[in-house]
Amino acid sequence: MPYTMEFQTTGFIILVMLTVEFFSKKRWKSLPNYIFRYILITSVLVTGCDVVSVFFIANRESFPILNMFFGKLYVVLVVLYDLLFLAHTLANTVYEGISPVKIRIKKMIFAGFALLSIAVFFIVLFFPLYFSGSARDIYSYGIPTSAAYVYTGLSIVFVLGIQLANCKKVPLRRQMPVYFFCTMEIVGALLQMFNSELLIVSFVIATTVLLMYFTLENPDMYLIAKLNEANSRIRSLLLNILPSKVADRLEDNLEESIIEKYDSISVCFMDIVDFSQMSLVIGAEKLVVLLNNLFSEIDNIVGDFRIEKIKTIGDAYMAAAGLPDRYEGHEEEIVNFARAVIKKIEEFNKRNNTNLHVRIGINTGMAVAGIIGKKKFIYDIWGESVNLAARQESYGVADKICVSESTMEILKDKYEFTDRGLIDIKGFGPTPSYILGEKKN
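According to the UniProt record's numbering, the sequence shown holds residues 1 to 441 in order.
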């Protein structure tokens, strides 16, 4: 196939248009983007020089000096392009958390190739370049061309090796130009090896650079990624303070009043015994750290049950079952959670050489749940059933689970209960209370 100017001209036009578009917008200031600027400029010079050199090679008898100048300049620019592509690959594989040793290795690789490229430049400068063919069937050969081929071959090996070694750390879209570069360089070299008149290097460079452009980090893509990341963090934070169902409603309409009535839920309160007195003994700061560690472990337990943590108030922990999704059996679910908490505190004391004790109170009944206010809002529940659960805890027994009559009546066929009799509870008067026992066979 004869050498055709159409390939070279097309590549040059593509790169000129791409250069105008690239520099017409503000680009994200990342190292790969910065190196791409020079790749783009070099690519334009390579393809432009290729087009111009064809004219002078075809008329080398009339313009011998210009013919030699542009012929050698073309080889130098190709080597520079390969060096810049290697630099881009090295920069593209610098990821968050990379070790200083790996960064030094990358710098050493680049320094080695930079020195090698300088050596190739001197070879091009001091050794003659030969030309053959005429009209559309023209090509160059000689020691400078051979040196450039060797340099390109080494570049391909190192570029591919670096990318494969970091493929798990770099997004696939940013790997594609490297694989395309290596493939096209090899295919182009093989084609030219068996068809000396077929020179398609400039077109290969143009298509490679065009693909690289579409994989760059640009402000829009970066901002979208950052917004998605921020939204994910906000969502995660929102789910830490609100049930997912409530969070969804709040995201859809921030102005919506979220208040729901529940005919039956089970509420659990727990409180550390003698917390205030303990703070005087071991110090408030150390006690708060201890409390945080304990409550964090209880938070982990919450995920094992169909319950919602409502809030903590000082050393008190509040949770509920049967909301926001209504379901049958929430009474047993909250009891199982409370039993798991008792066991967790026993393990916590052994591991930390502490002597923490907890009172737990549970009640089942009607309540209203939702969010009140627009600033620093929390999901909360209100009603007599909530107050009674709190009283069951405050009038309870250390390391025991005290439940109301309503909860006991529902679970009496499944669990043993000890009747505490009537307890004179503030705001309720004489009120039945029961201590949860073992599960019945």
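Just so it is clear, CB atoms sit at the ideal spot from N, CA and C, and this is done for glycine as well.
Keep in mind that this is a model prediction, so the values were computed, not measured.
Beta carbon of residue i, beta carbon of residue j: below 8 angstroms?
i: F337; j: A319; result: yes
i: P432; j: D424; result: no
i: V52; j: F70; result: yes
i: F85; j: F23; result: no
i: P243; j: Y379; result: yes
i: Y151; j: S202; result: no
i: K350; j: E297; result: no
i: E333; j: F377; result: no
i: residue 463; j: H330; result: Since the first residue of the chain shown is 1 and the last is 441, residue 463 is not available in this structure.
i: I156; j: I123; result: no
i: I435; j: K400; result: yes
i: L73; j: S43; result: no
i: V397; j: R359; result: yes
i: F310; j: I381; result: Checking the displayed sequence, the identity of residue 310 turns out to be Ile instead of Phe. Against a cut-off of 8 angstroms, the Cβ pair of I381 and I310 comes out as a contact.
i: V101; j: A148; result: no
i: F127; j: I57; result: no
i: I39; j: T89; result: no
i: Y213; j: L18; result: yes
i: M184; j: L129; result: no
Could you give the residue range of the alpha helix (DSSP H) that holds residue i?
i: V75; result: P64 to N92
i: V403; result: No alpha helix (DSSP H) holds V403; the beta strand (DSSP E) holding it covers I401 to V403.
i: I205; result: V201 to F214
Give me the Cα-Cα distance between residue i and residue j, rounded to the nearest whole angstrom.
i: F348; j: T354; result: 8 angstroms
i: V302; j: K245; result: 17 angstroms
i: K261; j: P324; result: 10 angstroms
i: M1; j: V204; result: Because the pLDDT at M1 is just 36, under 50, the model does not fix this residue reliably, and the point stays unresolved.
i: V76; j: L160; result: 22 angstroms
i: L287; j: G314; result: 11 angstroms
i: A91; j: Y141; result: 33 angstroms
i: N146; j: N228; result: For clarity, residue 146 is Ser in the given sequence; the question names Asn instead. Answer to the nearest angstrom: the Cα atoms are 50 angstroms apart.
i: Q8; j: V209; result: 14 angstroms
i: L238; j: S232; result: 10 angstroms
i: I200; j: T207; result: 11 angstroms
i: K169; j: P177; result: 16 angstroms
i: L66; j: F55; result: 10 angstroms
i: T215; j: I234; result: 28 angstroms
i: D82; j: K25; result: 26 angstroms
i: I372; j: I258; result: 8 angstroms
i: Q277; j: G427; result: 26 angstroms
i: Y3; j: Y95; result: Confidence at Y3 is low in this model, with a pLDDT of 46, below 50, so the placement of that residue is unreliable and no value is reported for it.
i: K440; j: I98; result: 57 angstroms
i: E6; j: S236; result: 56 angstroms
i: V20; j: I41; result: 11 angstroms
i: R174; j: A316; result: 51 angstroms
i: S33; j: E61; result: It should be pointed out that residue 33 corresponds to Asn in this sequence rather than to Ser. If you take the alpha carbons of N33 and E61, they lie about 43 angstroms apart.
i: K226; j: N293; result: 32 angstroms
i: F417; j: A321; result: 21 angstroms
i: E409; j: E346; result: 28 angstroms
i: V368; j: E328; result: 18 angstroms
i: T93; j: I342; result: 50 angstroms
i: D274; j: N352; result: 18 angstroms
i: A165; j: F158; result: 10 angstroms
i: L125; j: I143; result: 11 angstroms
i: E438; j: L422; result: 22 angstroms
i: R249; j: I241; result: 14 angstroms
i: L388; j: C167; result: 59 angstroms
i: A230; j: W28; result: 19 angstroms
i: A119; j: I105; result: 21 angstroms
i: V46; j: I13; result: 12 angstroms
i: G11; j: I109; result: 30 angstroms
Check for me: the beta strand (DSSP E) holding residue i runs from which residue to which?
i: L436; result: G429 to K439
i: I265; result: I259 to I272
i: I342; result: Where I342 is concerned, there is no enclosing beta strand (DSSP E), although the alpha helix (DSSP H) it sits in stretches over H330 to N352.
i: E285; result: Counting along the chain, E285 falls outside any beta strand (DSSP E), though it belongs to the alpha helix (DSSP H) covering A284 to V302.
i: I310; result: I307 to I313
i: residue 442; result: Since the first and last residues shown for the chain are 1 and 441, residue 442 lies out of range.
Return yes when the C-beta of residue i is under 7 angstroms from any heavy atom of the ligand ADP, and no when it is not.
i: L116; result: With respect to small molecules bound, the structure shown includes none, and the ligand ADP cannot be examined in it.
Does any residue of chain C have a CB that is nearer than 8 angstroms to the CB of residue i?
i: F122; result: Note that chain C does not occur in the displayed structure, where there is just one protein chain.
Starting from the N-terminal side, write out each stretch of the alpha helix (DSSP H) that is 4 residues or longer and does not extend beyond the region 116-171. 143-165
Quick check: the region 385-402 against the region 264-282, are at least 3 beta-carbon pairs closer than 8 angstroms? yes
Entirely within the region 358-420 and at least 4 residues each: give me those alpha helix (DSSP H) ranges in chain order. 384-394 and 405-411
Hey, is the region 355-372 in contact with the region 392-411, meaning 3+ C-beta pairs nearer than 8 angstroms? yes
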